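Remarks on the structure that follows.
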Amino acid sequence: MKSMKKVSLVLCSIIILCILFSSTAIALSAYDYGYVFGFDYGDGVNTIAIAQQESMYLRNLGFTVYCNTDVSADFAIGNSPNTNRPRIDSGVFVTNGHSGPRCYQFYGKSKSTYLTAKKSGGSYYKFDDISMSNCKAALFYGCKTASKDRSTDYGVLTDEAVDNGASCAFGWNKSVNTDTATKFRERMFYFIRYGYTIGDAAANAKSEMPWFDATRDYRISGDSSTKLTTGAKFASARVSQFLLSPAEISEYREVKTEGSNKIHVKYINEFATTDYYETDKDNKIISGKNDFNIQEKNKLLKKVTKIKTYDIAIPEKIISGGLSYKKVKVIHDFKLIAKIENETRFLRVINTEYENENGLCYLNTQVIDLETGNEIPYMSLLSK
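Just so we're aligned: the sequence shown equals residues -27 to -1, 1 to 357 in mature numbering (1 follows the signal peptide of the UniProt record, and there is no 0).
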């Protein structure tokens, strides 16, 4: 009997140890970790606060998250001591900062290094040879991180992440304004934390941005139905309540495409307005905004002919993070009627893209009040 008791005790001990080791293994799975990056570039662009906010949301979703604000690019592809896997192969991988179609800029110890998909050597570190099968979502928040607008041996960050095994990856196709990029991320993570899919979270964030803002032009590689949590508290899909009569639709012009969707904008003479509607590939209206009713439109028609255009001095270069952005291209220049704090304003908006020798991009947005000639903050166009 004693020997049987000893055997039973040994078996119980083995079972308990197995459970403990199994629990430890699960707790240390790369799938449950998140790595978030944000930097103070010393040029007025500081993404540390938004990185900390994203980290808080991810912790609330159950991830063990590390927010990194002073590291180099090789840190991102180096192994985590918790999982013995490259940090980029974690459940969630998020970058916030300067980037371009070639790379993303890390800024640690006052030195710039770059994460690329395929290019290595010098200050460049690639990840095309790293499996990302543990990664549910790689979110590359920065200028042109999803862009395919040029042939390059650097690769595309979002596509490479999915090719390497990540469930999905988010990036922008164009250069984006720093302030509106922050607002977009805040809104996207707001929906992510309530159980929305990556695709629906991005779509809802997009619907809150003005039709002319570049953050609307993003691309999700891989499975956009990926969720970072289970048991959503709200319905994921958007339901449009935006309706227009045929007569109203005739006042709108198609101005651009966003993926397979089309954006139609209401014009008053040569002035665009903030009123727009978006249609999907089946030409169904899925979202829109209507600030100006017919009575207001008639008043504005009498006034627009008296508005003059002011010349705007476009900087020849931008100094950012100790780097000089010299290649200049005006990508959007238009007149706009918008409401700011319930006051109708006549504006000229110019988006100028700058690029440096490393392929990093910087978007400068200038907004001029055409009745006063004064420049006003771009973010005032996003105020409710």
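Positions of the beta carbon are idealized from the N, C-alpha and C atoms, including for glycine. All values reported here derive from a predicted model rather than from experimental measurement.
Within the region 224 to 305, the beta strand (DSSP E) runs of at least 3 residues that lie entirely inside it are, in chain order, 225 to 231, 234 to 241, 244 to 252, 258 to 262, 291 to 293, 296 to 298.
Between residue 49 and residue 172, the alpha-carbon positions lie close to 25 Å from each other. By the beta-carbon neighbour count (other beta carbons within 10 angstroms, threshold 16), residue 220 is exposed.
Note on geometry: alpha-carbon atoms of residue 63 and residue 76 lie some 20 Å from one another.
The criterion of a C-beta distance shorter than 8 Å is not satisfied by residue 86 and residue 134. In the structure shown, residue 343 adopts coil according to DSSP, grouped into three states. Residue burial is scored here from C-beta neighbours: residue 218 has fewer than 16 other C-beta atoms within 10 angstroms and is therefore classed as exposed. For residue 330, the number of other beta carbons within 10 angstroms of its own is below 16, and it is reported as exposed. Setting aside the 5 residues that flank it on each side, residue 224 is surrounded in the same chain by 239, each with a C-beta closer than 6 Å to its C-beta; the list follows chain order.
Ranked by Cα distance from residue 110, the first of 324, 233, 54, 6 is 6. The continuous stretches of beta strand (DSSP E) do not include residue 60, and DSSP gives it neither H nor E. Scanning the region 138 to 202 from its first residue to its last, the whole beta strand (DSSP E) runs of 3-plus residues come out as 141 to 145, 191 to 195. In this structure, the CA atom of residue 333 is about 24 Å from the CA atom of residue 179. Secondary structure note for residue 134: its alpha helix (DSSP H) is the uninterrupted segment 130 to 136. Around residue 30, the same chain offers 162, 166 as residues with beta carbons nearer than 6 Å, after the five sequence neighbours per side are excluded. According to DSSP, residue 67 shares a beta bridge with 9, 112.
DSSP, reduced to helix, strand and coil, places residue 23 within a helical segment of the structure shown. Using a Cβ-Cβ distance cut-off of 8 Å, the region 252 to 268 and the region 294 to 305 are not in contact, since fewer than three pairs of beta carbons, one from each stretch, lie closer than that value. In this chain, residue 323 is not harboured by any alpha helix (DSSP H); it is covered by the beta strand (DSSP E) spanning 316 to 328. Inter-residue distance for residue 147 and residue 326 is about 9 Å (C-alpha atoms, whole angstroms). The distance from the Cβ of residue 140 to that of residue 195 is about 6 Å, consistent with a contact at the 8 Å cut-off. Here residue 309 is bridged, per DSSP, to 245, 320. Residue 100 carries a coil assignment under DSSP once its states are collapsed to helix, strand and coil. Here residue 287 is exposed: its Cβ has fewer than 16 other Cβ atoms, across all protein chains shown, within 10 Å. Here residue 191 is buried, its C-beta having at least 16 other C-beta atoms within 10 Å.
The beta carbon of residue 40 lies closer than 6 Å to those of 9, 24, 25, 28 in the same chain, with the five residues before and after it left out.
Here the C-alpha atom of residue 216 lies approximately 28 Å from the C-alpha atom of residue 305.
The C-beta of residue 271 has fewer than 16 other C-beta atoms within 10 Å across all chains shown, which makes the residue exposed. Judged by DSSP in its simplified three-state form, residue 48 adopts helix. Distances from the alpha-carbon of residue 72 to those of 113, 104, 83, 58 put 113 closest. Checking the DSSP bridge columns, you'll see residue 33 has no partner listed. When only Cα atoms are considered, residue 227 and residue 3 end up about 46 Å apart. Residue environment: residue 78 is assigned as buried (16 or more neighbouring CB atoms within 10 Å of its CB, all protein chains considered). For residue 335, the CB contacts under 6 Å within the same chain, skipping 5 residues up- and downstream, are 291, 293, 298, 327 in chain order. In the DSSP assignment, residue 87 forms a beta bridge with 78, 97. Counting only residues of its own chain and dropping the five nearest sequence neighbours on each side, residue 60 has a CB closer than 6 Å to the CB of 8, 49, 53.
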